[in-house]
Amino acid sequence: MTQTILITGASSGIGKAAAKLFADRGWNVAATMRNPDDGADFADLDNVLVARLDLLDSDSIQSAVAAAQERFGRIDVLLNNAGYGAYGPLEATPMEVLRRQFDVNLFGLVETIQAVLPVMRAQRSGTIVNVSSVGGRITYPLGSLYHGSKWAVEGLSEAMHYELAPLGIRVKLVEPGGVNTDFGGRSFVFTQNPELTDYQPLVDAAIAAMETGTPSGNQEPEEVAEVILIAATDDTMQLRYISGDGAKALLANRYSAEQDEQFVAGMRSQFGL
Ligand SMILES: NC(=O)c1ccc[n+]([C@@H]2O[C@H](COP(=O)([O-])OP(=O)(O)OC[C@H]3O[C@@H](n4cnc5c(N)ncnc54)[C@H](OP(=O)(O)O)[C@@H]3O)[C@@H](O)[C@H]2O)c1
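Counting from 1 along the sequence shown, just add 46 to a position and that's the residue number in the numbering used here.
Given below as structure tokens:
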């Protein structure tokens, strides 16, 4: 049976690379994006449905999931990829900027999961792959919003992977380091208030560090897409997939990947999962 994946943020970067990879591998792909005109590259592919999904618009989430279900009859994998990075001193950040970061990176992801779960529960199978980041397990200065949202995605995903296991649904986290996409350009929002001069030395240092590149290396989005394909298809309970050697080296300074998997496996076994 042909497998189906629904992808958020398939207009660019990692989401687009994943849509292309899964389509090449013969999957049905619901490539969702805020503006379907950005899906022109997929227009000639019979196995790709381009649908509008804006994580800030609940109706669009419901209708994109319904359209995928209607066209392909099932949803085997949900790839929650869409997201952006809001940075800057927390005190200088208006609440609307903070809320928007969490509305997109966290609550939009949650709403999409809630929309897809009835389909997966009925199938008694499915895999939810949430694109987190190395920034979901470590933080950089002035990243309280972005990291707060990604750490929340990590915690939510880890807890959900227990609760969905008995229903035949897997939850996976993909954690890229630096990736060559628009993330550092149009998907990067920096807020500062020049009147809050106390933060200026750190703002200058953080901007200088960003300009010299990321300590987690730079991958191409196609490489992350390959990791996503493994997470979606490896038929294991592995929870976390770190993408890229730079990201692995960075996280190894703080966590042991082996211990992490042992810990969650121990918790699963305690609850008979
Ligand atoms: N690049 C990195 O270094 C890096 C590292 C770790 C994790 N990540 C994560 O990877 C994911 C994808 O980012 P990327 O690197 O591929 O960057 P990207 O090329 O800028 O892609 C971001 C995607 O998110 C979409 N998006 C933003 N707001 C949205 C909303 N309200 N509703 C629906 N879609 C929305 C964008 O849509 P539009 O085209 O309409 O703007 C775009 O498709 C993000 O979750 C990011 O946190 C990236």
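For every residue, glycine included, the Cβ atom is placed at its ideal position computed from N, Cα and C. From a predicted model like this one, the values you see are computed outputs, not experimental measurements.
TODO: Taking only runs that begin and end inside the region 67-140, name each unbroken alpha helix (DSSP H) of 4 or more residues, in chain order.
DONE: Listed in chain order, they are 104-118.
- [ ] Kindly indicate which residue of 66, 55, 220, 148 has the alpha-carbon position closest to the one of residue 22.
- [x] Here the chain has residues from 47 to 319 only, and residue 22 is not among them.
Open item on the list: Can you confirm whether the region 106-126 touches the region 139-147 when touching is taken to mean that 3 or more C-beta pairs between the two stretches lie within less than 8 angstroms?
Closed with: The answer is no - the region 106-126 does not touch the region 139-147, with fewer than three Cβ pairs under 8 angstroms.
TODO: Examine the Cβ distances between the region 251-263 and the region 195-211 and report whether three or more of them are shorter than 8 angstroms.
DONE: These segments do not touch.
- [ ] Below 8 angstroms on the Cβ atoms is my guess for residue 220 versus residue 273; work out the distance and round it to an integer in Å.
- [x] Confirmed, Cβ separation roughly 6 angstroms.
Task: residue 246 burial status per 10 Å Cβ neighbour count (16 or more: buried) - done: Within 10 angstroms of the beta-carbon of residue 246 lie fewer than 16 other beta-carbons, which makes it exposed.
Task: Where residue 184 falls: helix, strand or coil (DSSP) - done: DSSP, read as helix, strand or coil, puts residue 184 in coil.
Task: Secondary structure of residue 167, DSSP reduced to three states - done: If DSSP states are grouped into helix, strand and coil, residue 167 belongs with the helices.
- [ ] Run the proximity test for residue 217: is its beta-carbon closer than 7 angstroms to any non-hydrogen atom belonging to ligand 1?
- [x] Every heavy atom of ligand 1 is 7 angstroms or more from the Cβ of residue 217, so no.
TODO: May I ask you to report which of helix, strand or coil DSSP gives residue 234?
DONE: Residue 234: strand per DSSP, three-state reduction.
TODO: Going by CA-CA distance only, name the one from 236, 276, 293, 244 that's closest to residue 265.
DONE: Comparing Cα-Cα distances from residue 265 to each of 236, 276, 293, 244, the minimum goes to 293.
Task: Coarse secondary structure for residue 172, derived from DSSP in three states - done: When secondary structure is reduced to three states using DSSP, residue 172 falls in the strand class.
Open item on the list: Applying the 10 Å Cβ sphere with the 16-neighbour rule, what's the burial state of residue 71?
Closed with: Flag for residue 71 reads exposed.
- [ ] Check whether the Cβ of residue 88 sits closer than 7 angstroms to any heavy atom of ligand 1, and report yes or no.
- [x] Result no, Cβ not under 7 angstroms from ligand 1.
Open item on the list: Taking only three categories from DSSP, how would you classify residue 151?
Closed with: Here residue 151 sits in helix by DSSP.
Open item on the list: Mapping the DSSP letters down to three states, classify residue 204 as helix, strand or coil.
Closed with: Secondary structure at residue 204: helix, using DSSP grouped into helix, strand and coil.
Open item on the list: Below 8 angstroms, how does it come out for the region 87-99 and the region 256-263: are there three or more Cβ pairs, yes or no?
Closed with: Segment contact: the region 87-99 against the region 256-263, fewer than three CB-CB distances shorter than 8 angstroms; contact not assigned.
Task: Reference residue 144; option with closest CA among 291, 318, 238 - done: Among 291, 318, 238, the Cα nearest to that of residue 144 is on 238.
Open item on the list: Tell me the residue span of the alpha helix (DSSP H) that contains residue 247.
Closed with: Residue range 246-257 is occupied by the alpha helix (DSSP H) that includes residue 247.
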